[in-house]
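Notes follow the structure.
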Amino acid sequence: MAAPQTSVRKGALIGCGFFSTNHLHAWQQLAGVEIVALCDADAERLAAAARSFGITRTYRSAQDMFEAQALDFVDIATTVSSHRTLVEMAARYGVACICQKPFADTLDDAAAMVKSCTDAGVPLMVHENFRWQTPIQAVRHALDEGHIGEPFWGRVSFRSAFDVFSGQPYLATGERFILQDLGIHIIDIARFLFGEVDTLSASTRRVNPKIRGEDVATLMMRHDSGLTSIVDCSYATVLERELFPQTLVEIDGAEGTIRLDADYMLTIQRRGADTVRRRCEPPLHAWAQRPWHNIQDSVLNIQQHWLQCLAMGQTPQTSGADNLRTLQLVEAAYDSAARQQATLDIGKERL
Ligand code: NAD
Ligand code: 89V
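FYI, the numbering used here numbers position 2 of the sequence shown as 13, with every residue one higher than the one before it.
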């Protein structure tokens, strides 16, 4: 059930797994919000999270939780197969809803989830946090400052050999891997920096023989502005120094360039001007650990954005409706790769 309005927002979290600890720490750090209940189908994980975060109201079933608790919002941090059921349940109970990425397994599911929340009049945000990383926000800021004139080319790149499978074993077993799990973030960053996509082509491959899905993907996209972008991601790239989980960015404009290089170093070069260098290292919160601190900080940032949107009655940047467009590009990338890098016209069918 939905809660009566008070100054402290009452939320519940569903899914007390690997990543949920970051959500719970971030909620504890933010003012004006309290997680009053937890839900997980797994009794041990539920008990461990309840103990760690001092939350006494616990449920094995989401339905039981919605029946019993008056909530301002629910934060869904389960894996993708449960997202549609849980988002539609939140909508039925009239409870505003955050859903982790990937939002849904199919575009049809995602569209149905958006419709259920729209029809119920409840806000829906996808927890698409990479655009909220401090260095990515710094790139957006540098673009907005106008140093480089009209951008005409960009690259958003994530290349690593970090072992993500030990913390998230399900990533090794799915038919789809890097585009659905990580590429979705990198594509969302490309939309955030360069705008909507008109055409797309992609190639994928699997290098690591121990996993089922693809671990390398390269996309070329033309954006509405005319800018060409490359999005490339790999979990099969052994570097001299492992950079996980840093996303690197290159942007060329008519008057200069922006580079986000290793170690969160932003360089802005304008024709005929001095080079500007900015260190945009994310803060290391008391509960965070390197190298995850960049992602952990972005969790705090997106959750803060959610609270601000609720307070102001605004639509979150990565609302369910917005995220349909990111998901559409993921689907198109798989489609293009399956058709030998066919160029797909997204603009005509944009959601
Ligand atoms: P996990 O498998 O470790 O945890 C999921 C938990 O949800 C499990 O404890 C499971 O028992 C519980 N669960 C599943 N269905 C449920 C249901 N219907 N009712 C109650 N409990 C249920 O998964 P994880 O690694 O924590 O990932 C969760 C989500 O977070 C995934 O969608 C993943 O892609 C995403 N993720 C996001 C980021 C990011 O930076 N945004 C990082 C890592 C993971
Ligand atoms: O962000 C994510 O979804 C994670 C990781 C960064 C490891 O890919 O799964």
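Heads up, the beta-carbon is just placed ideally off N, CA and C, and yes, glycines get one too.
Which of helix, strand or coil DSSP assigns to residue i
i, result
"HIS296", "coil"
"GLN328", "coil"
"PRO302", "coil"
"LEU82", "strand"
"ARG361", "coil"
"VAL175", "coil"
"LEU170", "Reading off the sequence, residue 170 comes out as Arg, not Leu. In this structure, ARG170 counts as strand in the three-state DSSP scheme."
"GLN111", "strand"
"PHE163", "strand"
"CYS291", "coil"
"ILE87", "strand"
"ILE66", "coil"
"THR117", "coil"
"ALA247", "coil"
"GLY267", "strand"
"ARG56", "helix"
Residue i and residue j closer than 9 Å at C-beta
i, j, result
"LEU340", "VAL208", "yes"
"ALA355", "LEU118", "As written in the sequence, residue 355 is Leu, which differs from the Ala given in the question. Not in contact: LEU355 and LEU118 (Cβ atoms no closer than 9 Å)."
"PHE188", "ILE147", "no"
"ALA101", "CYS128", "yes"
"ALA213", "THR229", "yes"
"ARG20", "LEU318", "yes"
"GLY267", "HIS152", "no"
"GLY105", "ILE262", "no"
"SER171", "GLU253", "yes"
"LEU193", "CYS110", "no"
"ILE25", "ASP83", "no"
"LEU311", "LEU57", "no"
Through-space distance from residue j to residue i, alpha-carbon basis
i, j, result
"CYS50", "LYS112", "18 Å"
"SER5", "ALA52", "The displayed coordinates of the chain run from 12 to 362. Any statement about residue 5 would go beyond what the structure contains."
"LEU35", "ALA23", "10 Å"
"GLN99", "GLN191", "The question names Gln, but residue 99 in the sequence shown is Glu. Whole-angstrom Cα-Cα distance: 22 Å."
"LEU335", "ARG288", "35 Å"
"THR3", "VAL44", "Since the first residue shown for the chain is 12 and the last is 362, residue 3 is missing from the structure and cannot be characterised."
"ALA322", "VAL91", "28 Å"
"LEU259", "ALA344", "20 Å"
"ILE313", "ALA88", "14 Å"
"GLU55", "SER63", "12 Å"
"THR145", "ASN219", "31 Å"
"ILE357", "GLY160", "26 Å"
"GLN80", "ALA121", "26 Å"
"ALA299", "LYS359", "43 Å"
"THR184", "GLU156", "44 Å"
"TYR181", "ARG217", "16 Å"
"LEU211", "GLU78", "45 Å"
"ASP285", "TRP143", "28 Å"
Span of the beta strand (DSSP E), counted from its first residue to its last, around residue i
i, result
"LYS21", "20 to 25"
"VAL98", "Counting along the chain, VAL98 falls outside any beta strand (DSSP E), though it belongs to the alpha helix (DSSP H) covering 94 to 103."
Within-9 Å CB hit, residue i to chain B
i, result
"CYS108", "The chain inventory of the structure shown lacks chain B, comprising one protein chain alone."
N- and C-terminal bounds of the alpha helix (DSSP H) containing residue i
i, result
"ARG151", "145 to 155"
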